[in-house]
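Quick note, the sequence shown lines up with residues 863 to 1020 if you use the numbering used here.
Beta carbons: idealized from backbone N, C-alpha and C, even for Gly.
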Amino acid sequence: MTEKIPMSTSRTIQSKLVLPPDTNHLGTIFGGKVVAYIDEIAAICAMKHANTTVVTASIDSVDFVSSARAGDVLELEAVVSSTGRSSMEVYIVVKSMNLHTGEWELTTESFVTMVALDENNKPTPVPGVFPETEEEKSLFETGPARREHRKQRIEMKH
Ligand SMILES: CC(C)(COP(=O)(O)OP(=O)(O)OC[C@H]1O[C@@H](n2cnc3c(N)ncnc32)[C@H](O)[C@@H]1OP(=O)(O)O)[C@@H](O)C(=O)NCCC(=O)NCCS
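Printed below as a string of C-alpha cells:
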C-alpha cells in the first residue's frame, strides 16, 4: 500500500482515575493494570490508523519508572510511530498526575506491535505514516532499528 497518512490521525489520549481496586497493598497501581490500559489504547490508536480490526502481536519491554497511587490520574497518549506491511508500531507514553499538587510524573513508555486483520482474520496491508512534528520525526526515524531488533528477537525463538 503506497498511501501514507499523518501520525496525528492515530494520536489518541485517554485519562483514567486510579481507584483502590486497581492498587496493591502499598496503595500503588498494579503493573498489569497499566499494561491492560496500554494494550487498549494501542488497539484504538492502530484501528484509527488502519480502519480495520487489529490484534496485539507483541509488547516491547515496559519499565515502570514511577508508580501512580489511588486518587491519581493516569494519562495515556499513543501514536502509530511506524508501519510495516500489515503491522503497526504504536508508541505509548503514560504519565500520572497527583491531583493535590498538580505534579506530573512519567510512569512508563512502551512500544506495542499491532497487526491489521481482514475479514478472514488474516494480516492485511496498512497505509504508511509520515511525521509532522520534531518528536514524531524522531520516533519515525528510529522505527526501523526497533523493527530489526524485534525481528532478531523473534528469530532467536525459532
Ligand atoms: C500476530 C499474528 C496475526 C501474525 O500472524 P502470522 O500468520 O504470523 O502473519 P505474518 O507472519 O504474515 O506476520 C504479519 C505481521 O505481523 C508481524 N509479527 C508477527 N509476529 C510478531 C511479533 N511477535 N512481534 C511483532 N510483530 C510480529 C510480522 O512481522 C508481520 O509484519 P509486516 O506485515 O508488517 O511485515 C498472529 O500471530 C496472531 O494472530 N497472534 C495472536 C494475536 C492475539 O491473539 N493477540 C492478543 C493477545 S493473546
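Judged by the Cβ position, T970 fails to qualify as a neighbour of ligand 1 at the 6 Å threshold, every heavy atom of the ligand being at least this far. Put simply, the segment 974-985 does not touch the segment 928-936. Fewer than three CB pairs are less than 8 Å apart.
With 6 Å as the limit, the residues whose C-beta approaches a heavy atom of ligand 1 more closely than that are V917, T918, A919, S920, G946, R947, S948, S949, T975, V977, P985, R1012 and I1016, in chain order. The shortest C-alpha to C-alpha distance from T945 to any of S877, A1007, D884 and E937 is the one to A1007. Between the alpha carbons of R1015 and R1009 lies a gap of roughly 10 Å. Contact between the segment 983-1002 and the segment 910-919 is present: 3 or more CB-CB pairs across the two stretches fall below 8 Å. For secondary structure counted as the beta strand (DSSP E) over 3 or more consecutive residues, the segment 864-951 holds these complete runs in sequence order: 866-868, 874-879, 915-921 and 935-945.
Excluding residues up to 5 positions away in sequence, K866 and T945 lie with their Cβ nearer than 6 Å to the Cβ of G990 in the same chain. In the DSSP assignment, E967 falls within the beta strand (DSSP E) that extends over W966 to L979.
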